[in-house]
Amino acid sequence: MTKKLFVKTYGCQMNVYDSARMADVLAPLGYAPTDGPEQADMVILNTCHIREKASEKVFSELGRLRLLRAERGQPMIIAVAGCVAQAEGEEILRRAPFVDIVLGPQTYHRLPEMVAKAARAGGAVLDTEFPPEPKFDFLPPPQSDGAAAFLSVQEGCDKFCTFCVVPYTRGGEYSRPAAAILDEARELARQGVVELTLLGQNVNAWTSDGWGLGRLIREVAAIDGISRLRYTTSHPRDMDDDLIAAHAEVEALMPFLHLPLQSGSNRILEAMNRRHDRDTYLRLAERLKIARPDLALASDFIVGFPGETDADFADTLDIVAQVGFVQTYSFKYSARPGTPAANLPNQVPEPVKEERLAELQTLLLEQTKIFNQACVGKRMSVLLDRPGRRPGQLVGRSPYMQPVHVDDVGEYRGQVVEVEIAEVHPNSLKAVAVAAERKRA
Ligand code: SAM
Ligand code: SF4
464 MTKKLFVKTY GCQMNVYDSA RMADVLAPLG YAPTDGPEQA DMVILNTCHI REKASEKVFS
524 ELGRLRLLRA ERGQPMIIAV AGCVAQAEGE EILRRAPFVD IVLGPQTYHR LPEMVAKAAR
584 AGGAVLDTEF PPEPKFDFLP PPQSDGAAAF LSVQEGCDKF CTFCVVPYTR GGEYSRPAAA
644 ILDEARELAR QGVVELTLLG QNVNAWTSDG WGLGRLIREV AAIDGISRLR YTTSHPRDMD
704 DDLIAAHAEV EALMPFLHLP LQSGSNRILE AMNRRHDRDT YLRLAERLKI ARPDLALASD
764 FIVGFPGETD ADFADTLDIV AQVGFVQTYS FKYSARPGTP AANLPNQVPE PVKEERLAEL
824 QTLLLEQTKI FNQACVGKRM SVLLDRPGRR PGQLVGRSPY MQPVHVDDVG EYRGQVVEVE
884 IAEVHPNSLK AVAVAAERKR A
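The sequence shown begins at 464 in the numbering used here and counts up by one.
Below, the structure written as structure tokens:
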């Protein structure tokens, strides 16, 4: 009998990938995905610990699930996965003792055993180990029903930026072997995937058998059916010459790169232990644009890191104005227990963080608007992978990750289509189709 599984994902794309893989792992037990908790036999909250707000959301969601389960009077397995589970496993069981399973990001291949154990024992199961065996070796082949998919190639981080929990929740850097990645990419292409995003907390630190990410990108791009490639998230320190050259040489590699900078102040970059300064980033941006002149950069910023002065913040505004970013994520610094920066003196007061964030976001939004406006009249390829609101309308992503709506193209779903951008809307672009580049098999 089919049982219903609802997975709610918080946080980054790695979590999106992990959620899909948890569903793959549970499929042989008869679990099929459903899109809400109301009817679900099992609910997994795949959590994010990166900022305090993200963590707290989990506890309020757990409260709602407990009520829902009591109201409907039917069993429901409640599991908490991901980075909050890893960091606060015991605390979750203390604050929410009705939770059945708590599992970290490195143990979800063991979910079938945990489900069986929870059913048998009736008590909570906690598995937040960093097991010696890599989970990837135990996962079934991925199942994709779309034209775009994520593929995790690297996990964990050894950089230890002083604000970040990732090295503690995801563990040390691990690169999957190239052969396993290429097998998974071929399988996804066979299922109709045309766009692949290679994922890693520090994706450009990926290495296997002497290969770096540049070589891997060339090999994946050579797979029949894969016509668009991306990778995220990169660290400026790991952008090597071959990877930069891949941007010039690999046509399938989209001209868009998410390269987090965090701050424009050398003093703050050092205190963050980012291991590069502002000039290194500026030079890198320049080299990337020489390799691929139509390349656009995206980035992450943190304002209000401990000790950040008005002058440091001015350096951030200055470098943003110099580089120009088309898509950005900017955050107020959030002190995370156990990270070195949480104990630094000179924590920046909340109102100052808010003011700086508003000022930075105004500038960043303006840059995005200018970039979007400059797209009007331009032709670009869009992978139309989702239906829009209107009949016959499809939505997809431009090479620059902008959502693009196109009317009257229903028959092109899942294909890369050449479009001309006609209008800019607040959160998307509108385009007309010019030609279909590629038919799906
Ligand atoms: N590995 C990537 C890198 O090195 O830039 C980023 C990984 S992290 C999951 C995503 C983003 O969250 C970071 O780039 C940073 O801007 C933000 N972030 C991480 N820790 C934070 C904290 N304590 N407070 C605010 N933002 C944070
Ligand atoms: Fe966190 Fe820094 Fe590692 Fe990125 S590089 S995951 S910000 S420790």
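Each residue gets a CB set at the ideal place from its N, CA and C atoms; glycine is no exception.
Predicted, not measured: the structure shown is a model, and the values here were computed from it.
Residue i classed as buried or exposed, judged by whether at least 16 other C-beta atoms fall within 10 angstroms
i: Ala483; result: buried
i: Gln502; result: exposed
i: Asn809; result: exposed
i: Ala685; result: exposed
i: Asn806; result: exposed
i: Thr696; result: buried
i: Glu714; result: exposed
i: Lys598; result: buried
i: Ala877; result: Looking at the sequence shown, residue 877 is not Ala but Gly. Buried, by the Cβ-count rule.
i: Ala904; result: Bear in mind that the predicted position of Ala904 carries a pLDDT of just 35, short of 50, making it unreliable; the figure below should be weighed with that in mind. So Ala904 counts as exposed.
i: Glu771; result: buried
i: Ala898; result: exposed
i: Pro800; result: exposed
i: Leu679; result: buried
Close beta carbons around residue i, own chain, < 6 Å, minus the five adjacent residues each side
i: Val839; result: Ile884
i: Tyr480; result: Phe613, Ser615, Leu662
i: Ala550; result: His512, Thr632
i: Arg514; result: Ser797
i: Tyr792; result: Asp763
i: Ile564; result: Ala542, Met577, Ala581, Val588
i: Val895; result: Glu883, Ala885
i: Gly567; result: Ala548, Gln549, Thr591
i: Ser861; result: Met843, Val845, Val867
Beta-carbon proximity list for residue i, same chain, < 8 Å, skipping 5 on both sides
i: Asp687; result: Ala652
i: Leu780; result: Gly727, Glu822, Leu823, Leu826
i: Asn890; result: Pro866
i: Arg681; result: Ala709, Glu712, Val713
i: Thr802; result: Thr625, Phe626, Cys627, Val628, Tyr631
Cβ-based neighbour list, residue i, same chain, cut-off 7 Å, excluding 5 preceding and 5 following
i: Ala495; result: Thr465, Lys467, Leu468
i: Leu659; result: Ala612, Leu614, Ala648, Leu651, Val683, Ile689, Leu692
i: Lys520; result: Tyr473
i: Asn478; result: Thr472, Asn509, Cys511, Gly545
i: Ala487; result: Per the sequence shown, the amino acid found at residue 487 is Asp instead of Ala. Leu602, Pro603, Pro605, Gln606, listed in sequence order.
i: Leu492; result: Pro575, Val578
i: His698; result: Lys622, Asn665, Asn667, Ala668
i: Ser518; result: His512, Val547
i: Leu528; result: Pro500, Val506, Ile541
i: Arg535; result: none
Continuous beta strand (DSSP E) stretch holding residue i: start and end
i: Leu807; result: Segment: none, Leu807 is in no beta strand (DSSP E) and carries neither H nor E.
i: Leu724; result: Careful: Leu724 lies outside any beta strand (DSSP E) and carries neither H nor E.
i: Ala612; result: 611-615
i: Ala542; result: 540-544
i: Ala754; result: Segment 741-754 is the alpha helix (DSSP H) holding Ala754; no beta strand (DSSP E) there.
i: Ile564; result: 564-566
i: Glu733; result: Premise fails: Glu733 lies in the alpha helix (DSSP H), 729-734, not in any beta strand (DSSP E).
i: Ala495; result: 494-496
i: Thr696; result: Note, Thr696: premise wrong, no beta strand (DSSP E); not H, not E.
i: Val628; result: Per DSSP, Val628 belongs to no beta strand (DSSP E) and is neither H nor E.
Segment limits, alpha helix (DSSP H) that includes residue i
i: Glu886; result: Per DSSP, Glu886 belongs to no alpha helix (DSSP H); it is in the beta strand (DSSP E), 878-887.
i: Ile765; result: Where Ile765 is concerned, there is no enclosing alpha helix (DSSP H), although the beta strand (DSSP E) it sits in stretches over 759-766.
i: Leu530; result: 515-535
i: Val872; result: No alpha helix (DSSP H) holds Val872; DSSP gives it neither H nor E.
i: Ser441; result: Here the chain covers residues 464 to 904 and nothing more, so residue 441 does not appear.
i: Val506; result: Run containing Val506: none in the alpha helix (DSSP H); it sits in the beta strand (DSSP E), 505-510.
i: Tyr796; result: First-last for Tyr796: undefined, no H or E at that position.
i: Glu650; result: 641-653
i: Leu489; result: 476-489
Simplified DSSP assignment, three categories, for residue i
i: Arg901; result: Caution applies to Arg901, whose pLDDT of 44 falls short of 50 and renders its modelled position unreliable; the value that the coordinates give is listed next. Three-state result, Arg901: coil.
i: His572; result: helix
i: Met702; result: coil
i: Asn667; result: helix
i: Ala708; result: helix
i: Met843; result: strand
i: Phe469; result: strand
i: Gln785; result: helix
i: Lys622; result: coil
i: Ile555; result: helix
i: Gly859; result: strand
i: Thr779; result: helix
i: Val895; result: strand
i: Gly677; result: helix
i: Gly634; result: coil
i: Asp600; result: helix
Inter-stretch contact (C-beta, 8 Å, three-pair minimum) for the stretch 873-891 and the stretch 838-852: yes
Contact between the stretch 577-591 and the stretch 546-561 (3+ Cβ pairs under 8 Å): yes
The stretch 700-714 / the stretch 592-606 touching (three or more Cβ pairs under 8 Å): no
Sufficient close CB pairs (3 or more, under 8 Å) joining the stretch 846-857 to the stretch 810-819: no
Inter-stretch contact (C-beta, 8 Å, three-pair minimum) for the stretch 729-743 and the stretch 670-680: no
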